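Chains as they are written, first to last, in the numbering used here: chain A, 1 to 931; chain B, 1 to 125; chain C, 1 to 503; chain D, 1 to 120; chain E, 1 to 89; chain F, 1 to 164.
Worksheet: the structure to be examined is printed underneath.
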Amino acid sequence: MSLFWILLLPLIGTLVPLLSARFGRSACAWFTALLPALSLFLVLQAMPAVLRGETLSQTFSWIPALGLELSFRLDGLVLLFLLLILGIGLLIILYARYYLSPQDSMARFYAYLILFMASMVGVVSANNLLQLWIFWELTSISSFLLICFWHHQSEARKGARMALTVTGAGGLALLAGLLLIADIVGSYDLGVVLASGDTLREAPAYPVALILLLLGAFTKSAQFPFHFWLPQAMAAPTPVSAYLHSATMVKAGIFLLARFYPVLSGTELWFLSVGLTGLATLLLGAYIALFKHDLKGLLAYSTISHLGLITLLLGLDTELAAVAALFHVINHATFKASLFMAAGIIDHESGSRDMRKLNGLWHYMPHTATLAMVAAASMAGIPLLNGFLSKEMFFAETLHQETLGSLSWMIPVLATLAGVFAVAYSTRFIHDVFFNGEPIDLPKTPHEPPRYMKIPVEVLVTLCLLLGIFPGFTVGGLLACASAAVLGGGVPAYNLSIWHGFNLPLLMSIVAMAGGLLVYYNRRHLFQFQAQFPQTDAKQVFEQIMQQLVGWARSAHDRLENGSLQRYMFLLLLFALVLLAAPLMDLNATAGQRPNLPVNAVEITAALLLCLSALATMVWHRKRMIALLTLSVVGLIVSITFARFSAPDLALTQLAVEVVTMILLLLALFFLPQKTPKESPPRRVVRDLGIAAMLGGFIGTINYALITRPLHSISDFFLANSKSGGGGSNVVNVILVDFRGFDTLGEITVLGVAALGIYKLIVRMRLYLPAGDESGRAWARDRHPMMLAVISQSLLPLALLVSAYIFLRGHNLPGGGFIAGLVTSVALIQQYVAHGVDWIKGRLNINYQWLIASGVLIATLTGMGSWIFGHPFLSSWFDHFHLPWIGEFELASAMLFDLGVYLTVVGATLLILASLGTLTTNHRPTLAESE
Amino acid sequence: MNVWLEVVVSILLLIGGFFVLVGSIGLARLPDFYTRLHSPTKATTLGMGAILIASMILMSHEQGVLSLHELLITLFLLITAPVTAHMLAKTALHQEAHPLERTRSLQLLPSAREQQPPAGADSHD
Amino acid sequence: MSTHLPILPILLPLLGALLLLLPPLSGSLRRQRAAALLFALLTLLTSLLLLRLQLQGIQLYVLGGWQPPFGIVLVADRLSSLLVLLTSLLGVTSILYACGGADRDGAHLHPLLLFQIMGINGAFLTGDLFNLFVFFEVLLIASYGLLIHGGGKQKTQASFHYVALNLMGSSLFLIALGILYATLGTLNIADMSTKIAALSDGEQALARAGGLLLLVVFGLKAAMLPLHFWLGPAYTAASAPVAALFAIMTKVGIYSMFRIFTVVFGESAGELAFMAQPWIWPLALLTLLAGTVGALASANLRQLSANLVVISVGTLLIAIVLQSEAATSAGLYYLVHSTLVCAALFLLADLIGQQRGKAADWFVMSRRLRQPTLLGILFFVAAMTVAGVPPFSGFVGKVLLLQAAAHSTAQMVWVWPLLLLSSLVVIIALARGGTTLFCRHSNDRSRGEAASPWRVAAVTLLLLAAPLMVILGGPLTQYTREAAGQLHAVPDYLPVLLPGGPS
Amino acid sequence: MEALYASCVGLLSFAGIFLCLRGRTFPVVLGLTLISYAVNLFLFSSGRLLLNAVPILGSGERYADPLPQALVLTAIVIGFAMTAFIVILAMRARADLGNDHVDGHLPPPPTPARERGENR
Amino acid sequence: MLEITLMIVNGTLCVALLLNLWRLLRGPDLTDRILALDTMYINSIALLIVYGIQLRTTLYFEAALLIALLGFVSSVALCKYLLRGDIIE
Amino acid sequence: MSRAFWLPMPRHSALLLIVWLLLNNTLAPGQIVLGALLALLIPLLCAPLRTRQPRVRRPLLALGYLLRLMGDIVVANVEVARLVLGPLQRLQPAFVALPLEIEGELPITLLASTISLTPGTVSAELSCDRKWLYIHALHLTDEQALIAKIKSRYEAPLKEIFAC
Ligand code: NA
Ligand code: NA
C-alpha cells in the first residue's frame with residue numbers, strides 16, 4: 001500500500017461529510033471518521049518499520065521547475081505527530097458529533113476539520129520543503145475557516161482574521177526561509193536538507209534563514225510576541241480549540257523546530273532566539289492564565305505557556321532537552337485536549353464558561369469533574385500523571401545549560417516560577433469550577449453530557465494515567481525513534497521512570513506545587529494587584545491597528561489618485577518628458593548629414609499661419625468658435641504641407657477628415673456649456689506652459705535630428721513591387737490595400753467600432769438644449785434656408801461623381817476608398833445641414849449599421865477570397881483585360897477591398913450623424929411655426 | 001515652351017494673383033462686415049478663374065491632351081460662393097453685426113432679420 | 001485550413017462580430033447570444049489548434065504573401081499562442097457571463113466583446129510594430145465602447161479619463177513609431193532587432209528615445225505607476241463581463257514590453273541592450289506598492305479586484321526587469337494565472353453584488369446572500385488563488401518569481417520583502433472583505449434572485465483553472481520555460497522570423 | 001526647411017499639450033486634435049522631406065518614401081475615429097454629470113482665506 | 001518668365017493668406033472670421049494650383065477640388081451653427 | 001418600371017457624363033461607358049433626396065444668360081477691385097429690398113446667386129413669402145436704377161428661361 005494514502009485518505013475525506021450529511025448526524029460522523037481511521041490504520045501498519053529505525057519515503061515528480069515534488073516521508077518524528085493528529089482527530093470527530101447544536105451545519109464543520117487534519121498530515125509528512133509549506137498554509141486557511149465557523153459572531157470573524165493575519169504572515173516568512181534554505185542547500189528535498197547542517201550553519205544567509213523560519217514557527221505556535229492571536233481563536237467551537245489549539249496546529253511550529261533541529265540548532269543564535277522566546281512565552285502564558293475568568297481563556301494561556309516550555313526545551317539545545325520536548329508534546333496534547341473537551345462539556349451543559357459563575361459543579365457532573373481534575377492535575381505536573389514526567393525532565397534540563405554564563409541560574413528559577421503559576425491556575429481550574437460554593441446565574445442547570453461525548457475525554461485521561469505510570473512501556477519506543485529523527489541518529493541515554501530519587505528537579509517540583517497552592521490561596525491579593533493594570537483586549541488593539549492601517553492606506557491612495565484627469569495627464573507627460581530627457585542629453589549633434597531643403601516664402605508663410613493659428617487656438621480655447629476656426633486653419637495648412645512634401649493622398653485625407661471633425665465639434669459645441677470659466681490658477685498655467693514647452697521642444701528637436709539624417713528603409717521594395725506585384729502605380733494606395741492591407745482592415749474596424757460605440761453613447765443621452773447662443777440671443781428661426789437647400793441638392797450628384805472618381809482612380813493616382821468615402825459622407829452631411837435629419841431619414845432609409853458591417857465584411861471576405869487559390873489572407877489579385885471598343889482595363893481584388901473601406905467610412909460617418917440627429921427634439925421655434 | 005503660351009499663362013496668372021490679393025485686401029481693409037463680404041466673394045471667383053484657366057492651358061500643353069478638369073473647380077466655386085455669402089449675410093443679420101453708420105436704408109435691417117417684407121411695402125404687387 | 005490557422009483567432013471574432021451586426025442575427029438577442037458563443041468557442045478551438053501546431057516550431061503567417069520584413073507577418077510562437085488561447089478562453093467566459101443578462105443593458109455588447117477579442121488576439125500575434133499599433137487601437141476602441149455599456153455617471157466619467165489618457169498614449173506611440181522607423185527604416189520587430197546594434201551614436205540616442213516612449217505607451221496600457229490611474233475607476237465602473245475581459249488588457253502592455261524590450265532592445269541590441277529595464281525596475285516596485293496600498297484601501301470587491309490587477313502588473317513588471325529566462329518563465333505563468341483569477345473576481349463581485357441588494361459588493365453590512373455556499377466557495381477559491389495561497393495556482397507563480405529573484409541578492413532584498421508583504425496585505429484585505437461580504441448580515445430579510453446558470457458557469461470555468469494550473473504545473477512551467485527561451489534567444493530564430501534575411 | 005518643419009511640429013505639440021492639461025472637455029479635445037496634427041507631421045517626416053517626389057510611379061524620377069505616408073493615412077483615420085468618440089463622450093459626460101469638467105465635477109470655487117474669516 | 005511670374009503669384013498668395021489670417025484673428029465678429037476662413041480655403045486652392053503649375057503636374061488637382069467642396073460645407077456648417085445651434089436638425 | 005424610375009433626371013445624367021469626362025480629361029470609350037454607368041447610377045441614388053424644381057424651358061437663352069453673367073463677373077471684379085483699393089471714405093454701402101416677381105425655389109436661388117456674383121451686390125436675405133430679396137450693395141448711387149437693372153438684366157431672362 002502506498003504511503004500516499006495516509007495523506008490522500010484524509011484529503012478525500014474532506015468531501016465525505018459534504019456527501020454524507022443527508023444521512024443524518026450520526027451517520028455523517030461515522031462516515032467522516034472512516035477515512036481518517038483508515039489512514040491511522042495505515043500509519044499503524046507502517047509503525048513497526050519506523051520503530052525499527054527505518055525512514056520510509058516515496059516521491060512523485062510534480063513541478064520540476066519549481067522544485068516541487070510530491071514526496072512523503074515517514075520517520076519517527078512524523079510517526080509521533082501522525083499518531084497525535086489522526087488519533088486525537090478521531091476522538092474530536094466523536095466529540096463534535098455531540099457538541100454541535102442542530103443549527104450548526106455538521107457537514108461544513110467536519111469538512112473544515114478533515115481538511116485541517118489532512119493539511120496537518122501533509123505538513124508533518126512532507127519530504128519536500130515546498131510541499132511542507134503548501135500544507136502549512138493550508139492549516140492556516142482551514143483553521144481560519146474553523147475559527148470563523150460561527151461566522152455570524154463578530155468575535156469569531158475578528159478572531160479568525162487575526163489568526164489568519166498572524167499565521168499568514170508567519171507562513172510567508174516561512175516560505176522565504178525555506179526558499180533561502182533551499183537556495184543554500186541547492187535542493188528542496190528534506191532528506192538532502194537534513195544532511196546539510198554544516199553547509200547551512202556556515203552560510204552567510206543562515207541568520208536570515210533561521211529568523212524567517214522561526215517567524216513561521218513562532219507565529220504558528222503562539223510564541224511571544226505573537227501569542228495574542230491564540231486566545232482570540234477561542235471564539236471557535238470547543239472541538240476546534242481542543243484539536244487545533246492544543247493538540248495539533250499550534251504544535252506545527254514545534255514540529256518545524258524539531259524537524260529542522262538537526263540542521264539549524266547548535267548555534268548561539270538558535271539558543272538565544274528559540275530559548276529566550278520559549279522562556280518568555282512560558283512565563284507570560286502561565287502568569288496571565290491565572291487571571292483569566294473564562295475557562296477557555298485560562299486553557300488558551302496555559303497552552304501558550306506550555307508551548308513556550310517546549311520551545312524553551314528545544315532552545316536549550318541539548319539532546320535530552322529535545323527528548324523532553326517531544327515527550328511533552330505528547331503529554332500536553334493528551335491533557336490539554338481532554339481539558340478543552342471538559343471545558344466544552346461544561347460550557348455545553350451549563351451555558352457558561354465564566355469561572356466567576358461556575359461553582360460547585362462537582363455535584364452536577366461528578367464524572368466529568370473527575371476526568372477534568374485528573375487532566376488538570378497532569379497539567380499541574382502532579383506525580384503519577386504524564387505531565388509530571390516531562391516537567392521533571394524539563395526542570396532537570398534547565399539546570400544543565402551554561403549559555404547565559406553567570407546568569408544561567410536564572411533559567412531554572414524562572415522555570416520553577418512558571419511551574420508555580422501552572423500549579424496555581426490548574427488548582428483554580430479544579431477548585432473554582434467544581435467546588436467553591438454554588439453556581440451563580442447559570443443559563444441552564446448543569447448536568448452530565450451524553451454518554452458518548454465523554455468517551456474521548458475518558459480515552460485521553462486514561463492515556464494521561466497510562467503514560468504517567470508506565471511511560472517506558474507505553475511511549476518509550478515511539479519517543480526513542482522520534483528523538484532519533486530529531487537528533488539525527490544518536491539518542492542519549494535517558495530514563496523514563498516515575499522515580500529518579502531525591503534530586504534538584506524533584507525539589508523544584510515540590511517548590512512549584514507548594515508555591516502554586518500558596519499563590520492560589522492568596523489569589524485575592526494577586527487579582528487586586530492585577531486589576532490595577534488596564535485590560536487590553538488584543539482583538540480591539542489589533543482591529544484598531546488594522547483600521548488605522550486601512551485608513552492610512554485609504555488616505556495615501558486618495559491623495560495619489562484624486563480623480564483628476566489633469567493630474568493624470570500631467571504625470572503621463574512628465575513621465576514621457578523624463579524618459580526623453582536622458583537620451584536627448586546623449587545626442588551630441590542635433591543636425592545630421594543630410595543636405596537640407598531651401599526655404600521659400602510660401603513655406604515661411606505656411607509656417608507662420610500654422611504657428612499663429614495653433615497659438616491662437618491655445619490662447620483662445622475658451623472662445624470656442626474662434627478656437628475652432630483657428631484649428632481649421634491648422635488643419636488646412638497641415639494638409640497643404642502634406643501636399644507640398646509629395647503626399648497628395650495625405651492632403652486629401654487630412655482635408656476630408658478635417659471638415660468632418662469640425663462638423664462633429666460643432667455638433668458637440670451645441671450641447672456643451674457655452675462659457676468656459678477661467679479657473680486655472682496662474683501657477684498651474686505656468687507649470688503647464690513649462691511642461692508643454694519642454695515636451696514640445698523635445699519633440700521638435702527629435703524631429704529635426706531625425707529628418708536631417710539619411711535613411712535606408714524597406715520602402716524601395718514597395719516602389720519596385722507596386723506595379724508588378726500590386727497592380728497599381730499609386731504606391732501609397734497599394735501599400736494600404738495590399739502590402740499592408742491588414743493595417744487597413746484594422747483601421748476600418750476601428751472606425752466601424754467607434755461608430756457603434758458612439759451610437760451606444762448617444763442612445764442613452766439626455767441633453768439640455770440651449771435656447772439661444774452664447775450671447776443669449778435666441779436661435780434664428782429659419783431652419784433650412786431655401787437657397788442652401790436648392791444648391792445642396794444640385795451639388796449632391798456632382799459630389800458623388802467626384803467621390804466615384806476619387807474611388808476609381810485611387811489605385812493609380814491620388815485617391816482611394818477612404819477619401820471617396822469621406823467625400824460621399826461630406827456630401828450627405830451637407831444634405832443633413834441643408835434639410836435636417838428628419839427630412840433625410842424619411843427619404844433615405846439606409847441602415848448605417850448594416851452598411852458598416854457589410855463594408856468591413858466585404859474587405860474581410862476579399863481577404864479570405866485568396867484562400868480559395870491557396871494564398872494567404874489578403875493576397876491580392878489583379879489582371880488587365882481587353883474588350884473590343886472599350887479598350888484595356890484593369891480589375892483588381894484591391895478594388896473590392898477598397899469598396900469595403902468606402903462603405904465602412906460612409907456607414908460610420910453617417911451612423912454618427914444620424915444618431916446625433918436624434919438628440920434634438922422637433923419642438924424648437926421655427927419659421928414655419930411663427931407664421 | 002512656346003513663348004506666347006508662356007506669356008498668356010503668365011498674364012492669366014498675374015491677373016489671378018492680383019484679384020485674389022484684392023479679395024483679401026478687401027477682406028482686411030473694408031470697414032464693416034457687409035462690405036467685406038463683397039470682396040472675396042467676387043474677387044476670388046475671377047482670380048481663381050484666371051489661375052485655373054492658366055493651369056488648363058499649361059497642362060493641356062504639357063500633357064498634349066486638352067485638360068479641362070480645372071473647369072470643375074470653377075464650376076464649384078461659382079455655384080457655392082453665392083450660397084456661402086448668403087449664409088454669412090444671414091448669420092450677420094441674425095447676429096446683429098454692426099453695419100457702417102452711413103449705410104443707406106438701415107431701417108430695412110429689422111425686417112430683413114425677421115425675413116419679413118420691408119415695412120410699408122404691402123402695397124407692392 | 002491549418003495553413004491559415006494563425007490568422008483565425010483574429011478573423012473568427014471579427015467575422016462573428018460583423019455577422020452579429022447584420023441581419024438575420026442583428027434582430028434577436030437569442031440568436032446573437034448563440035452566434036456570439038459559437039464564434040467565441042470557434043476562436044477558442046482554433047487557438048487550441050494553433051497552440052498545438054506551433055509546438056512543432058514557430059508559425060509565420062505572411063499576410064498577402066509579402067515576405068517579411070516588407071509585409072505584415074503574424075508570429076505564432078510559444079508566447080503569443082499561449083496568450084491568444086488565454087484571451088479566447090476569457091472571451092468565451094465573458095460572453096457566457098454576458099448571456100446571463102448583461103447584454104440587455106445596452107446595444108452591441110456581444111459584437112463589441114468579439115471586436116475586443118479580435119484586437120487583443122491581433123496584438124498578441126502580430127510581428128509588426130505598426131500593426132501592433134493598429135490592433136492596440138482596435139482593442140482600445142472596442143474597450144471604449146464596452147466600458148460605457150450599461151450607462152451611468154461612474155462609467156461616463158471613468159471613460160473620459162480612460163479615453164483621454166489613451167489618446168495621448170496613442171499619440172506617443174505614433175511618435176515612437178516615427179522615431180524608430182526614421183532610424184531603423186523598418187517596422188518588422190525581428191528585423192528591427194537586427195538593425196539596432198549597427199546604429200551610429202546619434203541614431204542610437206534617438207532610437208533609445210523611441211524605445212523609452214514605447215515604454216510610456218506600454219506602461220500606460222499595462223497600468224504601470226505613474227500611468228495606472230485610469231485602471232481603478234475604469235475596471236470598477238465596467239460592467240462585469242467587460243471588466244473580466246479587461247483583465248487581459250493590461251497584459252497586452254506587459255506582453256508588448258516583453259516583446260520589445262527583450263527582442264528589439266534585447267541582448268543583441270549592443271549599446272541599447274536592456275535599456276528600459278533600469279527605468280522599469282523602481283516603477284515595478286512602486287506599482288506593486290501602489291496596488292498593495294490600494295488593495296488595503298478598497299471599499300468594495302471591484303475596487304479590490306482592480307487593485308489586485310495593479311498588483312499583478314507590478315509583479316509582472318518585476319518579472320520583466322529580472323531579465324532572466326527563469327524570471328520570464330515565472331512571469332508568463334503568473335500572467336496566465338493572474339488574468340484568469342482577476343477576471344473571475346470581477347465576475348464574482350457582480351454575482352455577489354446582485355444578491356446583496358443595495359449594498360452591492362461594498363464592504364458593509366447587508367442582507368443575506370441567496371446562495372451563500374455556492375458563492376462562498378467560489379469566492380474562497382478565487383481569494384486563495386489571487387492571494388497566492390496554496391494549493392491554487394497563485395503560489396506557483398509567486399514562488400517561481402521569488403526563486404528567479406534569488407539569483408541576485410541586490411534584486412532579492414527588494415523583491416522578496418515587497419512581494420511577500422504584498423501577499424500578506426492581500427490576504428488581510430481579502431479576509432476583511434470576504435468576511436464582511438458573506439458574514440455581516442443586517443436584519444433585512446429580503447432575498448435576491450439566484451444567479452443565472454450562465455454566470456455561474458462562466459465563473460466556475462475561470463476558477464477551474466486555479467487547481468488545474470497547479471495539477472498540470474509540470475507541463476505548464478515546461479511550456480512557459482520554452483516560451484521564455486524563444487523570447488530570449490531571438491537571434492537563433494531569425495532564420496524563421498525573416499526567411500528572406502533582414503532588409 | 002527641416003528646421004522650420006521641426007519647429008512647427010514642436011510648436012503644435014506645445015499648444016496641444018498645454019490644451020490637454022486644461023480642465024474642460026472642449027479644450028482637451030482641441031488639444032488632442034492639435035497633438036494629432038503634430039504627430040501626423042512627425043510620423044510623416046520619418047520618411048524625410050522631399051519636394052516634387054510624389055510616390056506615384058511614372059510621375060517623376062524620384063519618389064518620396066511611401067510607407068510613412070501610408071502609416072500616416074492609417075493614423076489619420078484612426079485619429080478621426082478616436083476624436084469622434086471622445087467628442088461624443090464629452091457630450092455624454094455633460095449629459096450625465098451636468099458639467100463639462102474633465103473630472104466630472106466642478107472644482108470648489110476658490111475661497112480666499114480672508115473671506116472665510118469674515119464668514120466666521 | 002513663367003518662373004518669375006510664379007514667384008510673384010506665390011508672393012501675392014502669401015500676402016493674401018496672411019491678410020486672411022489677420023482678419024481671422026482680428027474679427028471682430030464671428031462672421032468676419034468665418035468669411036476669412038472661407039477666403040483662406042479659396043486662396044489655398046490657388047496655392048495648390050500654382051504649385052501644380054510650378055511642378056507641371058496635375059497630382060494636386062483633386063486636393064484643390066476637394067478644398068472647394070469641403071470649404072463650402074464647412075463655412076455653411078459654421079453659419080448654420082451660429083444661426084440654429086444644431087446644424088443637422 | 002417607368003422611365004422616371006430608371007432615369008429620374010435625364011438632364012442631370014447628361015451633365016454628369018460631361019463632368020465625368022471633364023474630370024478624367026478623356027474621351028476614351030471605356031471612360032464613356034463608365035461615365036454613362038455612373039451618370040445613370042448616381043441620379044438613381046440621389047432621386048429620393050430631390051425636390052421637384054421647374055424645368056429649364058429655353059436652354060439656349062440659358063446659355064446666353066450664362067455668358068452674360070461671365071462678362072458681368074469680370075466687370076464686377078474690376079469694379080470691386082477699384083472700390084477696394086480706392087479711398088474708403090467715399091464708399092456708400094446700402095441695403096436694398098428687391099421685390100421679386102419670379103417664383104420657384106430654383107429661379108429665385110439662381111437670381112440671388114447672380115446678384116451675389118455680379119457688381120457690388122450680395123443677396124443677404126429672402127423674406128419668408130419669397131417676395132422680397134434683401135440686397136447689400138457695396139457702393140450704391142441710385143437704388144431704383146439698381147432694382148431696375150437687376151429686374152431687366154437678370155430677373156426677366158430667368159423668368160423666361162423657366163417660364164414662370
Ligand atoms: Na468559580
Ligand atoms: Na483631424
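Glycine included, every Cβ here is placed at the ideal spot set by N, Cα and C.
Please read these numbers as outputs of a predicted model, since none were measured by experiment.
Sort out for me which residues DSSP pairs residue 126 of chain C with in a bridge.
Walking along the third sequence from the start, residue 126 of chain C turns up at place 126. Partner(s): C:74.
If we count the other Cβ atoms within 10 Å of its Cβ and call it buried at 16 or more, is residue 888 of chain A buried or exposed?
Stepping through the first sequence from its first residue, residue 888 of chain A is reached at position 888. So residue 888 of chain A ends up on the exposed side.
To the nearest angstrom, how far is the alpha carbon of residue 806 of chain A from that of residue 487 of chain C?
Translated into positions along the first sequence, residue 806 of chain A becomes position 806. Translated into positions along the third sequence, residue 487 of chain C becomes position 487. For residue 806 of chain A and residue 487 of chain C, the distance between alpha carbons rounds to 45 Å.
Taking the alpha carbon of residue 67 of chain E as the reference point, which residue from B:73, B:24, B:16, B:38 has its own alpha carbon closest?
For the purposes of this step, residue 67 of chain E is taken as the residue at position 67 of the fifth sequence. Here the closest residue by C-alpha is B:73.
Using only the alpha-carbon positions, how far apart do residue 312 of chain C and residue 402 of chain C sit?
As a first step, residue 312 of chain C must be located in the third sequence, where it is residue number 312. As a first step, residue 402 of chain C must be located in the third sequence, where it is residue number 402. In a straight line, the C-alpha of residue 312 of chain C is about 14 Å away from that of residue 402 of chain C.
How many whole angstroms separate the CB atoms of residue 739 of chain A and residue 726 of chain A, which I take to be in contact at a CB cut-off of 8 Å?
Translated into the one-based positions of the first sequence, residue 739 of chain A becomes position 739. Translated into the one-based positions of the first sequence, residue 726 of chain A becomes position 726. Correct: roughly 7 Å between the Cβ atoms.
Compare the beta carbon distance of residue 97 of chain C and residue 241 of chain C with 7 Å and say whether it is the shorter of the two.
Numbered from its first residue, the third sequence carries residue 97 of chain C at position 97. Numbered from its first residue, the third sequence carries residue 241 of chain C at position 241. Cβ distance < 7 Å, so residue 97 of chain C and residue 241 of chain C count as in contact.
What does the alpha-carbon distance come out to for the pair residue 512 of chain A and residue 423 of chain A?
In the first sequence, residue 512 of chain A corresponds to position 512, counting from 1. In the first sequence, residue 423 of chain A corresponds to position 423, counting from 1. Using only the alpha carbons, I get a separation of about 7 Å.
Establish whether the CB of residue 791 of chain A and some CB of chain B are separated by less than 7 Å.
Taking the first residue of the first sequence as 1, we reach residue 791 of chain A at position 791. It does; some Cβ of chain B falls within 7 Å.
Could you please give the first and the last residue of the uninterrupted alpha helix (DSSP H) stretch that includes residue 68 of chain A?
Here residue 68 of chain A refers to the residue found at position 68 of the first sequence. From DSSP, residue 68 of chain A is part of no alpha helix (DSSP H) but of the beta strand (DSSP E) over 68-74.
I want to check one thing, is the minimum distance from the CB of residue 70 of chain F to the heavy atoms of ligand 3 below 6 Å?
Looking at this structure, you won't find ligand 3 anywhere; what it does contain is ligand 1 and ligand 2.
Name the chain B residues that come within less than 9 Å of residue 710 of chain A, Cβ to Cβ?
Against the first sequence, residue 710 of chain A aligns to sequence position 710. Those within 9 Å of residue 710 of chain A in chain B number zero; the least Cβ separation is about 33 Å.
Taking 6 Å as the limit between beta carbons, can you name the residues of its chain near residue 195 of chain C, skipping five residues before and five after?
In the third sequence, counting from the first residue as 1, residue 195 of chain C sits at position 195. These residues qualify, in order along the chain: 184.
Beta carbons nearer than 8 Å to chain E: which residues of the stretch 645-671 of chain A have them?
Listed by position, the residues of the stretch 645-671 of chain A near chain E (Cβ gap below 8 Å) are 648, 651, 652, 655, 656, 658, 659, 662, 663, 666, 667, 669, 670.
Does the separation of the CB atoms of residue 14 of chain A and residue 114 of chain A fall below 7 Å?
Residue 14 of chain A sits at position 14 when you count from the first residue of the first sequence. Residue 114 of chain A sits at position 114 when you count from the first residue of the first sequence. Cβ distance < 7 Å, so residue 14 of chain A and residue 114 of chain A count as in contact.
Taking Cβ to Cβ, would you say residue 28 of chain B is nearer than 7 Å to residue 19 of chain E?
For the purposes of this step, residue 28 of chain B is taken as the residue at position 28 of the second sequence. For the purposes of this step, residue 19 of chain E is taken as the residue at position 19 of the fifth sequence. Yes, they are a contact pair.
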